[in-house]
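Sequential numbering of the sequence shown, starting at 10, is according to this note's numbering.
So the structure is just underneath, and the comments pick up after that.
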Amino acid sequence: MLIPTLRKGIPLILAAILAGCGSTSSAHPLVSEPTSSIIAQTAASVASALPSTPSTQSPTAAPSATPDFAALHKGDLSHLHIDLPKGWALADSDPLQYSFIDPKQNPVGSIAPRDSGSYKFNETDKPNHSSVTADETFDIPAGKCQFITLDMDNGTAASGITGTHDIYYGIITVPGKAVYVLELTRNDKESETKDLVIGILKSITYKD
């Protein structure tokens, strides 16, 4: 093997070096330069043939190149003011997603920022087993709102559950600032629910 052979050869190399230490003849190949330089070169050559030992020092972690979402898009929900129906509550511990809680303490929807200033709802955004039944646009205090009504199955065909319910989406565009998406359903098809959601949307204001 290469490594044991080199280790055995070290004393012989050093002996040859030391034997020529007293000579200054440039004709001797081992003393054509200072002894200390030859020893250093020999040690480096031997070290390069030995297996390297992995460093135990942890590399310095590179700073994240991903900018803070809320800072970049001004999408922090704390910029919004939302009026709620009587008995409703807003779970707002997460600044990038609020949840709507109905009077029975059930979570029935949410609102969150999107990462595109020109986002609009399209067919690829639909949940499975749903279809768009209405697509409206109206002004709200915060900006523009695209209001989508989806008719969605109560269950899959395999489940045996029949019937449908409405899901409402409000895409809120605050010009030059941010885009938010509100989603809400009460698992019914009552017009009162649609009016309630529109009322929430039309209450939303944005403040820097």
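Don't be surprised by glycine CBs; every beta carbon is placed ideally from N, CA and C.
Identity of the residue in Pro150, Lys135, Ile149 nearest Ala143 by Cα: Lys135
Unbroken beta strand (DSSP E) runs of length 3 or more, entirely within the region 81 to 160: which are they? Correct list: 98 to 103, 106 to 110, 116 to 123, 139 to 149.
Just to confirm, are Gly96 and Leu191 a CB contact at a threshold of 8 angstroms? The answer is no: Cβ separation not under 8 angstroms.
Test item: CB-CB of Thr214 and His90 under 8 angstroms: yes
Using DSSP bridges, identify the partner residues of Asp217. DSSP, once it has assigned bridges, lists no residue as partnering Asp217.
Exposed or buried, which one is Thr133 when buried takes at least 16 other CB atoms within 10 Å? By the neighbour-count criterion, in which 16 or more other beta carbons inside 10 Å mark a residue as buried, Thr133 falls on the exposed side.
Need the endpoints of the beta strand (DSSP E) that Thr173 sits in, please. 173 to 183
Quick one: is Ala151 buried, meaning 16 or more other Cβ sit within 10 Å of its Cβ, or exposed? buried
Following the continuous alpha helix (DSSP H) through Glu201, name the residue where it begins and the one where it ends. Note, Glu201: alpha helix (DSSP H), 200 to 210.
Quick test of your reading: Ile176 and Met161, contact by CB under 8 angstroms. State the CB separation rounded to the nearest angstrom. Under the criterion of beta carbons closer than 8 angstroms, Ile176 and Met161 qualify as touching, at roughly 5 angstroms.
Given this structure, state the Cα-to-Cα distance separating Ala218 from His138, to the nearest angstrom. Residue 218 lies beyond the range of the chain shown here (10 to 217); nothing can be said about it.
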